[in-house]
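**Q** What follows is a single structure, and I will ask about it in a moment.
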Amino acid sequence: MQILRSPEEVREAIAKARSSGQLIGFVPTMGYLHEGHATLIRKAEEMAPIVVVSIFVNPLQFGPNEDFERYPRDLDHDLEVASRAGATHVFYPSVELLTPKDLQVMVEPGPMAEVLCGRSRPGHFRGVCTIVAKLFNIVQPDFAIFGWKDAQQLLIIRKMVQDLNFPVEIIGVETVREPDGLAMSSRNVYLSPDERQRAPILAQALTEAKLQALSGQKTAAKLRSHVIARVENEMGARVDYVEVVRMSDLSPMEEIELGNTMIAAAVFLGTTRLIDNVRL
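Letter 219 of the sequence shown, counting from 1, is numbered 220 in the working numbering, and no numbers are missing.
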């Protein structure tokens, strides 16, 4: 596995692969890799002989009072996980390289970025899209793999690729979960033992709402109420949002439409923000 630090090194490695007609898969990450990331890398490895994994904690996607400084980092561990999962190249750029002080041009993701996580994290998806666009330009992959856990991010990136004519296929992989159902996340390390015990209630509540919908409950407000009640009363968490939205544009729904509906939630358990979703 090759470790690359500059766009020039990446382009040289990719040019070599392209000259022999090899497909390029790409998995962008913020590091602190876990089994969820490994699943994405393995998926890419199934589809292409060249798999580039980027490790970059993106300062542009963190708000002023968020956890950029304390976000967990462990490069040695990340390299081991990436290698074991099948990465052929790791791109590990510096903050100065991808976000220089004179950076002015940003990618504005539009209305889909103003709801759900975007409402409580203004500017977050602008930061995500700007860096992902830069990474796509540097790596020039045939396809990129994203997890459905960050469904809003996946759908916005897919829209960006469509609108800006990136020749990159965006592939979603189902959320990887702990044995008790909690969606895997690098931020789970912030949870205290007691919080960790209560955290799976979010996934349980969303799954129950999905089952209610599949059993005939079409009213979005009732599904929302069920999730909120479980999260507040049993999980002891503070709700950031619980929304029932159209997958096509993330607009709110009053009546669910099977095949185009997502129930998405973000909650604070102590100081840790957890997100999860189910699709119908």
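A virtual CB, placed ideally from N, CA and C, is assigned to each residue, including glycine.
1. Between L99 and F57, which are expected to be in contact by the criterion C-beta below 8 Å, what is the C-beta distance as a whole number of angstroms?
2. Using C-beta distances below 8 Å, list every residue in its chain close to F69, excluding the 5 sequence neighbours before and after it, in chain order.
3. Does DSSP classify I257 as helix, strand or coil?
4. For E244, does the count of other Cβ atoms within 10 angstroms reach 16, so buried, or fall short, so exposed?
5. Going by DSSP, which residues form a beta bridge with E244?
6. Since V240 and I264 should fall inside the 8 Å C-beta cutoff, what is the C-beta to C-beta distance between them, to a whole number of angstroms?
7. Note down, in chain order, each residue of its chain lying with its Cβ closer than 8 Å to the Cβ of A18, except the 5 sequence neighbours on either side.
8. S252 to M113, Cα distance in whole Å?
9. Judging by CA-CA distance, which residue of S84, M48, G37 and Y33 is the nearest neighbour of Q3?
10. From F269 to S193, what distance separates their C-alpha atoms?
11. May I ask you to check if the CB of V116 is nearer than 7 Å to at least one heavy atom of the ligand FAD?
12. Is G37 near M185, with beta carbons less than 8 Å apart?
13. Assuming A238 contacts V246 under a Cβ cut-off of 8 Å, what Cβ separation, rounded to an integer in Å, is found between them?
14. Would you call R71 buried or exposed, if buried means 16 or more other Cβ atoms sit within 10 Å of its Cβ?
15. Would you kindly work out how many angstroms separate the C-alpha atoms of G124 and I132, rounded to a whole number?
16. Which of the three DSSP states is assigned to S7 in this structure?
17. Can you tell me which of G173, R159, P73 and G217 puts its alpha carbon nearest to the alpha carbon of D250?
18. Could you give the first and the last residue of the continuous beta strand (DSSP E) run that contains H90?
19. Exposed or buried, K211, counting other C-beta atoms within 10 Å across all chains shown (16 or more means buried)?
20. Since F144 contacts V169 with CB under 8 Å, what's their CB separation in whole angstroms?
**A** Concretely, from the data shown:
1. 6 Å
2. V58, P60 and F63
3. coil
4. buried
5. A265
6. Actually they are not in contact, since the Cβ atoms of V240 and I264 sit about 13 Å apart, beyond 8 Å.
7. I25, P50 and I51
8. 8 Å
9. S84
10. 13 Å
11. Within the structure as shown, the ligand FAD is missing, as the structure has no ligands at all.
12. yes
13. About 20 Å; that fails the 8 Å criterion.
14. exposed
15. 13 Å
16. coil
17. R159
18. H90 to F92
19. buried
20. 6 Å
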